[in-house]
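K.L.:
Below: one structure in structure tokens.
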Ligand SMILES: NC(=O)c1ccc[n+]([C@@H]2O[C@H](COP(=O)([O-])OP(=O)(O)OC[C@H]3O[C@@H](n4cnc5c(N)ncnc54)[C@H](O)[C@@H]3O)[C@@H](O)[C@H]2O)c1
């Protein structure tokens, strides 16, 4: 039997997701694959490093970003340019076309791949297939209990002490959703990039008394048929804003080599992207 070596893995961030990934690697007996964890100066973690140069020097084959939008914006580019794959959890940064173009340019220059995983949802593989088979409409619905929307623009849009069971307080494109509700952008943009892109993918944000934890629903329809995927992903014990499933989704993407290359996704379709894609294909050939 052939033994397949798991890639040398590193993390950016050691919060709810990072710690869960490390704990899971321990349970699997695979901690030797974790070669570095980038944390802020003064913070500790297994195999801790404190700057991107040290992260690159540890020679990971793939880095899971699980630190947030600011860290993703700071570190993805140098890693891709160093030829290292990056599995992105803070996918919302890709709602900005300039960021998307910049990172795909870094891929073309360095050979690292920018990868997505489904994170807190699932079903992105089905969406990419539907995009080829013919899809006309994709909607991502995010249901959360009223208190979970506090600290967002929803507070200024509706009374979060509403008595009715459900209030749809946002309905618009994934790009608008990412702009107005950046903390909820990661899944919306992952769904968008998997099929129709940020402008044609619809998002509905719902304050609901029927749920206690985040409920995500992806609906798609078109020539391929109909698709509905629903996931009630319970919050991580150490961060109520993060579904625990996210850590396992990211880790399995690395273990199974199943991250989706952003450049090849159906929703990544601007002229600039295709220009970079051609160059990227040439550098890989
Ligand atoms: N794709 C998805 O479905 C999905 C779901 C949940 C969260 N996320 C993303 O994952 C991110 C992390 O989630 P979490 O629950 O682990 O958050 P968390 O707040 O528990 O942990 C984040 C950690 O990253 C560290 N960090 C932040 N900036 C850093 C930097 N520049 N350098 C080094 N470390 C840095 C923080 O100190 C913290 O320890 C979120 O911000 C979000 O963008 C994605």
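Numbering (our numbering), first residue to last: 1197 to 1481.
From the three backbone atoms N, C-alpha and C, an ideal C-beta is built for every residue, glycine too.
Note that the structure is a prediction, hence the values are computed from the model and not measured.
Please tell me whether residue 1331 and residue 1398 are closer than 8 Å, where the distance is taken between their beta carbons.
P.N.:
For residue 1331 and residue 1398, no; Cβs fall outside 8 Å.
K.L.:
To the nearest angstrom, how far is it from the Cα of residue 1307 to the Cα of residue 1277?
P.N.:
Their Cα atoms are separated by approximately 7 Å.
K.L.:
Contact defined as beta carbons within less than 8 Å: I believe residue 1413 pairs with residue 1310. What is the distance between those atoms, to the nearest angstrom?
P.N.:
Actually they are not in contact, since the Cβ atoms of residue 1413 and residue 1310 sit about 26 Å apart, beyond 8 Å.
K.L.:
Using 8 Å for Cβ pairs, my map puts residue 1317 next to residue 1464. What's the rounded Cβ distance?
P.N.:
The pair is not a contact, with the Cβ atoms about 18 Å apart (cut-off 8 Å).
K.L.:
Can you give me the start and stop residues for the beta strand (DSSP E) that residue 1418 sits inside?
P.N.:
Unbroken beta strand (DSSP E) run through residue 1418: 1411 to 1418.
K.L.:
Comparing the CB of residue 1264 with every heavy atom of ligand 1, is any distance shorter than 7 Å?
P.N.:
Yes, since a heavy atom of ligand 1 falls inside the 7 Å radius drawn around the Cβ of residue 1264.
K.L.:
Is residue 1380 near ligand 2, going by C-beta to nearest heavy atom under 7 Å?
P.N.:
Absence of ligand 2 from the depicted structure is noted, with ligand 1 being the only ligands included.
K.L.:
Any chance the CB of residue 1490 is under 7 Å from a heavy atom of ligand 1?
P.N.:
With the chain represented from 1197 up to 1481, any question about residue 1490 goes unanswered, as that position is not in the structure.
K.L.:
Quick check on the burial criterion: 16 or more other C-beta atoms within 10 angstroms. Buried or exposed for residue 1273?
P.N.:
Residue 1273 comes out buried.
K.L.:
Report back the beta-carbon spacing between residue 1374 and residue 1288 to the nearest angstrom; my notes put them in contact at under 8 Å.
P.N.:
The pair is a contact, with the Cβ atoms about 5 Å apart (cut-off 8 Å).
K.L.:
How should residue 1210 be labelled, buried or exposed, when 16 other C-beta atoms within 10 angstroms of its C-beta is the threshold for buried?
P.N.:
Burial call: buried.
K.L.:
Does the beta-carbon of residue 1291, which I'm using as the reference point, lie nearer than 7 Å to any heavy atom of ligand 1?
P.N.:
Result no, Cβ not under 7 Å from ligand 1.
K.L.:
Any chance the stretch 1202 to 1222 sits against the stretch 1256 to 1267, with 3 or more Cβ pairs inside 8 Å?
P.N.:
Taking 8 Å as the limit for Cβ pairs, the verdict is that the stretch 1256 to 1267 does touch the stretch 1202 to 1222.
K.L.:
With distances taken between CB atoms, is the gap from residue 1230 to residue 1242 smaller than 8 Å?
P.N.:
For residue 1230 and residue 1242, yes; Cβs fall inside 8 Å.
K.L.:
So does residue 1270 have its beta carbon nearer than 7 Å to some heavy atom of ligand 1?
P.N.:
Checking the Cβ of residue 1270 against ligand 1 gives yes.
K.L.:
Once DSSP output is grouped into helix, strand and coil, what is the label at residue 1408?
P.N.:
In this structure, residue 1408 counts as coil in the three-state DSSP scheme.
K.L.:
What residue does the alpha helix (DSSP H) around residue 1442 start on, and which one ends it?
P.N.:
1441 to 1451 is the span of the alpha helix (DSSP H), which, as asked, contains residue 1442.
K.L.:
Does the separation of the CB atoms of residue 1429 and residue 1441 fall below 8 Å?
P.N.:
Yes.
K.L.:
So is the beta-carbon of residue 1335 under 7 Å away from any non-hydrogen atom of ligand 1?
P.N.:
Checking the Cβ of residue 1335 against ligand 1 gives no.
K.L.:
In terms of residues, what are the limits of the beta strand (DSSP E) holding residue 1322?
P.N.:
Premise fails: residue 1322 lies in the alpha helix (DSSP H), 1320 to 1329, not in any beta strand (DSSP E).
K.L.:
When the Cα atoms are used, what is the spatial distance from residue 1324 to residue 1215?
P.N.:
Cα-Cα distance, rounded: 30 Å.
K.L.:
So the candidates are 1408, 1421, 1338 and 1364; which of them puts its Cα closest to the Cα of residue 1381?
P.N.:
Residue 1381 has its Cα closest to that of 1338, out of 1408, 1421, 1338 and 1364.
K.L.:
Residue 1355: which of 1389, 1367 and 1403 sits nearest, CA to CA?
P.N.:
It is 1403 whose Cα lies nearest to the Cα of residue 1355.
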